[in-house]
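Residues 24 to 692, numbered by the working numbering, are exactly what the sequence shown covers, in order.
Here a beta-carbon is modelled for each residue, glycine too, at the ideal position from N, C-alpha and C.
Before any comments, here is the structure.
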Amino acid sequence: MTESQAKAQIEKLREDIHRHNYLYYVKSCPQISDAAYDSLMRQLQELEARFPELVTPDSPTQRVGAPPAEEFKTVEHTAPMLSLDSCLTAEEIAEFDKRVKKLLETDQPEYVVEPKLDGLSVEVVYENGRLVRGATRGDGYRGEDVSLNIKTIKSMPLLLRKSSSPPRLLAVRGEVMMSIKGFEKLNAQLVKDGQSPFANPRNVASGSMRQLDSGVTASRPLDIFFYDILACAGGPEFKTHWQILHTLPEWGLKVNPHIEKCRQIGQAIEFHQRLEQERNKLDYEIDGVVIKLNDLQAREKLGAKSRSPRWAVAYKFEPRRGETRLEDITIQVGRTGALTPVACLRPVDVGGVTISRATLHNLDYIHNLEVKIGDRVKVERAGDVIPAVVEVDKTARTGAERDFQMPDKCPVCGSALTKNGAYIMCGAGLSCPAQLKESIRHYASKQAMDIDGLGGKIVDKLVDEGLIRSVADLYGLTKEQLMLLEGFAGKSSQNIIKAIAASKKRSLARFIYALGIRNVGRHLADVLARQFNSIQQLAEAKLDSLMQINEIGPEVASCVVNFFANQHNRELIQALMRQGVNVAQAEIQTAGVLQGKRIVFTGSLSKLSRSQAQSLVESLGGRATSSISRATDYVVAGENAGSKLAEAERLGVKIISEEEFFKLLENKF
Ligand code: IVH
């Protein structure tokens, strides 16, 4: 490569990196993945290393990040927030270890290993134990003042514990995270509200921190883990990182529990392997491990390069992203009739799982991505969540790509489509085979009636062959009928018939969930089952009495009432009862120690939050209500109990202390 060729390429790379910095940091709307960005950066670093005379002070390699967004006040960090060099192989890690040993002139450096948390990096500053500021990383030197947003994070202490002798100044660095469950729930809500959902939990964490309205941030279930001290004055003297990681929790600052000390680099490599396997079990995203020198003095000796320290390295996992071609977009008709666009992909391996379908959520999401059929796309999965298309490579277009059109009738049954809020719906109900199949699959699923072996393909066949027209028909199926279906041997048919019969005695909670009442998930089904002795009782419940139940709001209550007001649903339940489905008795056996008891909490409890206490009561068969009546069995009086106590006295309701409440649970009261 000649120098002039290199110059042209360097300029192009710088321009691209500048643009992506702006999109990522200023607009919170990245168009390429972190991996693609890192690769641009690496290409630039390599070229600049080969042609050092072409390095200029304004090159992106010469500074740590990008400018912060304009809307927030810019604040200077207490100390620079560096980033990390990353490695992908054990060999690269071994080289890192060799370098460290050589520079320190030792053959036994001690390391600490931690998960590399995939969220948003922030600085939080405490003065005399009081939180005074929170800021995003920004360009590493200056970030955005997001104090208000930071303070909305539930696990973020506003005051340090041990506040008798807090450091005069403490600046800590941590990662704001969104749980995978929280991410899924938020996306479901966004889709419901007709908005474009987020591509991954990291984008939610980052988008939430950059909300100008901290009320929005507060509504997001965010969390934070701390992993570094940027500055500490008038506090303890630290000698090791390990000591820091054990002091932070004493101040009330959360540290990730997956931390280990290693005397050999081999242990760090082993930790990486172990954590990669456990990755799927965690409810938050990690994308590697960070290996850090433990001795702080030794760190000083090694120092830092322009962007990253020499004493730490990120050892990344196999990315859970893959690139492939989007061959088509089909429509999936869900159990409720809602139409969802689904990407049909050329199969691609994404971190050990072959992906051929990914969700595109809704039309809005498709428009935001500007995706066309035939595009090269990136797909990503978080935990075990259904993968999503997260990015389009527009530079790979040939001109043969085409736009997606939403159909004008149900692609499965041909019925007219209607709009219900943000959803486009097939209104045919259970006469639409897609909805029927989905409702049967839901009824048979593990969390519902748990009919082993009645999975996706079999349900398709049963419906397509006209053998079943409702879940009640399942109970009339015979082994002989199943054996006539293609691919069914005597044994497997027999097993399915047995599993169907066994499902007649499931709990009421499972049955309520299996019915697929809108907005009634597994947890609310449990809540409802504890309040009613039979499905008939639930079917007769009025809106008012449903709303009396803790956790049941007006929306859920009206979904329940509407479900049972529907003639078709009533007939279905009767048909199931005629087939011998008998769920009430099973439930009574699970009654808890507070069965039938009505309990009201007042004042603050020392061991539980109010809602934890209420859930506890309900899990033991009782009812936790907020208002006192003569029917109330106990009022539990916590600290600073108010007017409810007087009300209880007036009505002659038994008042007990928090301690007595716990004795009650053990049947000792
Ligand atoms: S230490 C100088 N530890 O990964 C070292 N960083 O570029 C400072 N990250 O955005 C970083 N988990 O915010 C460190 N356990 C961990 C981390 C971690 C995630 C982030 C960091 C930065 C990126 C590395």
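By Cβ distance below 8 Å, which residues in the same chain neighbour Ala423 in space, the five residues on each side in sequence not counted? Here residue 423 is taken as the residue at index 400 of the sequence shown, counted from 1. Result list for Ala423: Gly397, in chain order.
Assuming Tyr155 contacts Val145 under a Cβ cut-off of 8 Å, what Cβ separation, rounded to an integer in Å, is found between them? For this step, residue 155 is matched to residue 132 along the sequence shown. For this step, residue 145 is matched to residue 122 along the sequence shown. The identity of residue 155 in the sequence shown is Val, whereas the question assumes Tyr. No, Val155 and Val145 are not in contact; Cβ-Cβ is about 14 Å, not under 8 Å.
Cut-off 7 Å between Cβ atoms - residues of its own chain near Ser56, not counting five sequence neighbours on either side: Position 33 of the sequence shown, counted from the start, is the residue given in the question as residue 56. Taken in chain order, the residues that qualify are Arg344, Lys401 and Glu414.
Buried or exposed: which applies to Ile409, given that a residue is buried once 16 or more other Cβ atoms fall within 10 Å of its Cβ? For the purposes of this step, residue 409 is identified with residue 386 of the sequence shown, where counting begins at 1. Exposed, because fewer than 16 other Cβ atoms sit within 10 Å of the Cβ of Ile409.
Which residue from Thr377, Ala471 and Ala361 puts its Cα closest to that of Ala439? In the sequence shown, the residue the question calls residue 439 occupies position 416. It is Ala361.
Using only the alpha-carbon positions, how far apart do Ala222 and Val412 sit? Within the sequence shown, the letter at position 199 stands for residue 222. Within the sequence shown, the letter at position 389 stands for residue 412. One C-alpha to the other measures close to 8 Å.
Just mark His546 as buried or exposed, buried being the case when its beta carbon has 16 or more other beta carbons within 10 Å. For the purposes of this step, residue 546 is identified with residue 523 of the sequence shown, where counting begins at 1. When all chains shown are included, His546 counts as exposed.
Check whether the Cβ atoms of Val199 and Ala228 sit closer than 8 Å, and answer yes or no. As a first step, residue 199 must be located in the sequence shown, where it is residue number 176. As a first step, residue 228 must be located in the sequence shown, where it is residue number 205. Taking 8 Å as the Cβ cut-off, Val199 and Ala228 qualify as a contacting pair.
C-alpha gap between Arg196 and Lys204, whole angstroms: As a first step, residue 196 must be located in the sequence shown, where it is residue number 173. As a first step, residue 204 must be located in the sequence shown, where it is residue number 181. So the two alpha carbons sit approximately 25 Å from each other.
Would you kindly work out how many angstroms separate the C-alpha atoms of Ala609 and Arg553, rounded to a whole number? Within the sequence shown, numbered from 1, the residue matching residue 609 stands at position 586. Within the sequence shown, numbered from 1, the residue matching residue 553 stands at position 530. Unreliable positioning characterises Ala609 in this predicted model, as indicated by a pLDDT of 43, which lies under 50. A coordinate reading is not provided.
With a threshold of 7 Å on Cβ separation, who are the neighbours of Pro138 within its own chain once the five nearest residues in sequence on each side are excluded? For the purposes of this step, residue 138 is taken as the residue at position 115 of the sequence shown. So the list reads Asn279, His281, Leu298, Ile309 and Val312, once near-sequence residues are dropped.
Report all residues from its chain with a CB closer than 7 Å to the CB of Arg464; omit the five preceding and five following residues, and keep chain order. Mapped onto the sequence shown, residue 464 falls at position 441. Here the set comprises Gly479 and Val482.
Please tell me whether, using a cut-off of 7 Å, the distance from the CB of Ser106 to the nearest non-hydrogen atom of ligand 1 is below it. Taking the sequence shown and counting its residues from 1, the one referred to as residue 106 is at position 83. Within the cutoff, so yes.
Per DSSP, what are the beta-bridge partners of Ala381 in this structure? To locate residue 381, count along the sequence shown from 1; it is residue 358. Answer by DSSP bridge pairing, in chain order: Ala366.
Alpha carbon to alpha carbon, what distance is there between Thr625 and Val616? The sequence position of residue 616 within the sequence shown is 593, counting from 1. The sequence position of residue 625 within the sequence shown is 602, counting from 1. Those two C-alpha atoms are separated by around 21 Å.
Opening and closing residue of the beta strand (DSSP E) in which Val155 lies: Here residue 155 is taken as the residue at index 132 of the sequence shown, counted from 1. Taken as a continuous stretch (DSSP letters only), the beta strand (DSSP E) holding Val155 covers Arg153 to Thr159.
Are the beta-carbon atoms of Val606 and Arg529 separated by less than 8 Å? Counting from 1 along the sequence shown, the entry for residue 606 is found at position 583. Counting from 1 along the sequence shown, the entry for residue 529 is found at position 506. Going by C-beta atoms, Val606 is nearer than 8 Å to Arg529.
The stretch 316-334 contacting the stretch 366-385, beta-carbon criterion three pairs below 8 Å: no
Just to confirm my understanding: we take Glu94, look at its own chain, exclude 5 residues before and 5 after, and list those with CB closer than 7 Å. What are they? Here residue 94 corresponds to residue number 71 of the sequence shown, with the count starting at 1. Cβ neighbours of Glu94 beyond the five flanking positions: Leu235.
Option nearest Lys502 by Cα separation, candidates Ile491, Lys514 and Ser329: One-based indexing of the sequence shown puts residue 502 at position 479. If we check each option's Cα against that of Lys502, Lys514 comes out closest.
Range of the contiguous alpha helix (DSSP H) that encloses Val604: Here the question's residue 604 lines up with position 581 in the sequence shown. Val604 -> no alpha helix (DSSP H), and no H or E assigned at all.
What's the call for Gln597, buried or exposed, on a 16-neighbour Cβ count within 10 Å? Indexing the sequence shown from 1 puts residue 597 at position 574. Flag for Gln597 reads exposed.
Should Lys139 be counted as a contact of ligand 1 given a C-beta to heavy atom distance under 7 Å? In the sequence shown, counting from the first residue as 1, residue 139 sits at position 116. Yes; taking the cut-off as 7 Å, the Cβ of Lys139 has a heavy atom of ligand 1 nearer than that.
Inter-residue spacing [alpha-carbon to alpha-carbon] between Leu330 and Gly163: On the sequence shown, residue 330 is found 307 positions in, with the first residue counted as 1. On the sequence shown, residue 163 is found 140 positions in, with the first residue counted as 1. Leu is not the amino acid found at residue 330; the sequence shown has Arg there. Approximately 9 Å between the Cα atoms of the pair.
For Met24, the first and last residue of its enclosing beta strand (DSSP E): Along the sequence shown, read from residue 1 onward, the residue named residue 24 stands at position 1. Taken as a continuous stretch (DSSP letters only), Met24 belongs to no beta strand (DSSP E), as it is neither H nor E.
Considering only the beta carbon of each residue, do Ile558 and Ala548 sit closer than 8 Å? Sequence index remark: in the sequence shown, residue 558 carries index 535 (1-based). Sequence index remark: in the sequence shown, residue 548 carries index 525 (1-based). Not in contact: Ile558 and Ala548 (Cβ atoms no closer than 8 Å).
What residue from Leu674, Val676, Ala588 and Phe685 has the CA that sits closest to Lys630's CA? Taking the first residue of the sequence shown as position 1, residue 630 is located at position 607. Checked all of Leu674, Val676, Ala588 and Phe685; the closest Cα to Lys630 is Phe685.
Assuming contact is defined by CB atoms lying nearer than 8 Å, are Ile651 and Leu674 in contact in what I supplied? As a working note, residue 651 is residue 628 in the sequence shown. As a working note, residue 674 is residue 651 in the sequence shown. Yes, these two residues count as a Cβ contact at 8 Å.
Thr101 in three-state terms, based on DSSP: The residue you call residue 101 lines up with position 78 of the sequence shown. In this structure, Thr101 counts as coil in the three-state DSSP scheme.
Pairing CB atoms from the stretch 174-181 with CB atoms from the stretch 266-280, are three or more of them under 8 Å? yes
How is the alpha helix (DSSP H) around Arg529 delimited, first residue to last? Position 506 of the sequence shown, counted from the start, is the residue given in the question as residue 529. First-last for Arg529: undefined, no H or E at that position.
Out of Lys304, Glu578 and Ser526, point me to the one whose CA is closest to Asp473's CA. Looking up residue 473 in the sequence shown gives position 450. Asp473 has its Cα closest to that of Ser526, out of Lys304, Glu578 and Ser526.
For the stretch 160-231, which segments carrying the beta strand (DSSP E) assignment without a break, of at least 3 residues, lie completely within its bounds, in sequence order? 165-167 and 192-201
Please identify the residue among Leu77, Val550 and Asp318 whose C-alpha is closest to the C-alpha of Arg286. Looking up residue 286 in the sequence shown gives position 263. Of Leu77, Val550 and Asp318, the residue nearest in Cα terms is Asp318.
Can you name the start and end residues of the alpha helix (DSSP H) that Asn585 belongs to? Counting from 1 along the sequence shown, the entry for residue 585 is found at position 562. That run of the alpha helix (DSSP H) goes Pro577 to Ala588.
Taking its Cβ as the centre, do 16 or more other Cβ atoms sit within 10 Å of Asp246, making it buried, or is it exposed? Looking up residue 246 in the sequence shown gives position 223. By the neighbour-count rule (16 or more Cβ atoms within 10 Å), Asp246 is buried.
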